[in-house]
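Here is the structure we will look at.
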Amino acid sequence: MNSALGQHKQTVLEVLNKMTFACGVESCLDDLPEDFAPVRRATIAFRGPRSGKVIMWATGEYLEEVAETLCGDGEAWDDVFGEIINVVTGRMLASNGGEALVFDLGTPIVSPVSSTEWNNTDLKELGCEVVLVDGEPLLFTVQVAVDE
Amino acid sequence: MTKSILIIDDSRTTRGMIKRCLKMSGLVFEEVHEAENGRDGLEQLRDHTIDLVFTDLNMPEMTGFEFIDQLASEGTLPGMPLIVISTEGSVQRRQELQEKGIRRFIEKPFSPDQIREAVEDVLKGLEQ
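Top to bottom, those sequences are chains A and B. For the record, in the first sequence the residue sitting at position 4 is 4 according to this note's numbering, with numbers rising by one throughout. For the record, in the second sequence the residue sitting at position 22 is 22 according to this note's numbering, with numbers rising by one throughout.
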């Protein structure tokens, strides 16, 4: 079951703006360019009063820019993306559940996205949401376990 | 000014962000040591004279909590200028840290001002 994602967009944007000094705005799947092709997927699991996972997708253009900003190394995509999803998820859970709740976050997993995999990904089925960060789309979805 | 700092975080990104925030705040250190987990951090503490420590909580091999507990068991925690930086900002986690004697906690994402205030606060506490 996907959680109500709209409320998370603002949290994602706040984190990215503060963490990466970026300018982000809300967007939607219908506004994605037809040739949009992410190169990395980041996943992080969370356990606590609710359990599930957060998944994000990003383009090489976005990751190169943010890696250069944060690390001074435009090729440090995986470390940067892993830390972004770690911080975003931490803030999402705190914003959504309140700071009285304790969640345990797993280790972020960042992996390449093949064109075959991407073509077979149903963004609407996954309940993906979109934000534009410095003009580059960043996709995410929050999946909460059904029995939670 | 403090001469030597140790930054413990499994994310190279966060270690870089802390260093940049320190620089933006005008806080200059002669030596900056880095560790990827609590175990590496303990080794760095044994190998170098460290004046200020930043540590994450959620790390592989040895967490920040385990690192702090190890310092406590060795009796070195009370005099250790230590700042915790983590995504885990729940009230319970903060209480656990306070009970262990941790003076400062910064939640990610953080700003240069938050880093500067925490450093000044921790170092001022040592002088008192």
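Just so it is clear, CB atoms sit at the ideal spot from N, CA and C, and this is done for glycine as well. Computed from a prediction, not measured in an experiment: that's the story for all the values here.
Looking at chain B, is there any beta carbon in it that lies within less than 7 Å of the beta carbon of residue i?
i, result
"A/N120", "no"
"A/K9", "no"
"A/N86", "yes"
"A/G127", "no"
"A/D79", "yes"
"A/A37", "no"
"A/K15", "Lys is not the amino acid found at residue 15 of chain A; the sequence shown has Val there. Yes, A/V15 counts as interfacial toward chain B."
"A/A94", "yes"
For residue i, which beta-bridge partners are listed by DSSP?
i, result
"A/D78", "In DSSP, A/D78 forms no bridge with anything."
"B/I8", "B/A35, B/T55"
"A/G52", "A/F46, A/V144"
"B/I115", "Answer by DSSP bridge pairing: none, since B/I115 is not bridged."
"B/G89", "Partner(s): none; B/G89 has no beta bridge."
"A/A22", "A/A22 is not bridged to any residue."
"A/E136", "A/V133"
"A/A58", "A/R40, A/L138"
"B/R104", "B/I83"
Could you tell me how far apart the beta carbons of residue i and residue j are, in whole angstroms, since I believe they sit closer than 8 Å?
i, j, result
"A/V87", "B/T87", "5 Å"
"B/E129", "B/I7", "Beyond the ends of chain B as shown, which are 1 and 128, falls residue 129 of chain B; an answer cannot be given."
"A/L138", "A/A58", "5 Å"
"A/P112", "A/I44", "About 17 Å separates the two Cβ atoms, so there is no contact after all."
So with CB distances below 7 Å, who are the chain B contacts of residue i?
i, result
"A/T107", "P60"
Any beta carbon of chain A sitting closer than 7 Å to that of residue i?
i, result
"B/V91", "yes"
"B/K100", "no"
"B/S73", "no"
"B/P78", "no"
"B/P109", "yes"
"B/S25", "no"
"B/A118", "no"
Would you mind telling me which residues of chain B sit closer than 9 Å to residue i, beta carbon to beta carbon, in chain order?
i, result
"A/L29", "Here the premise fails: no neighbours, minimum Cβ distance about 26 Å."
"A/A100", "S90, V91, Q92"
Residues of chain B with a CB under 8 Å from the CB of residue i: which are they?
i, result
"A/K124", "Here the premise fails: no neighbours, minimum Cβ distance about 29 Å."
"A/A76", "R12, T13"
Below 8 Å on C-beta distance, what does residue i contact in chain A?
i, result
"B/M129", "The structure shown does not extend to residue 129 of chain B, since chain B is modelled only from 1 through 128, so no value can be given for it."
"B/T87", "N86, V87, T89, G90, R91, L105"
I want to verify the contact list: residues of chain E whose CB lies under 8 Å from the CB of residue i, in sequence order.
i, result
"A/E83", "Checking the listed chains, one finds no chain E in this structure; the protein chains it contains are A and B."
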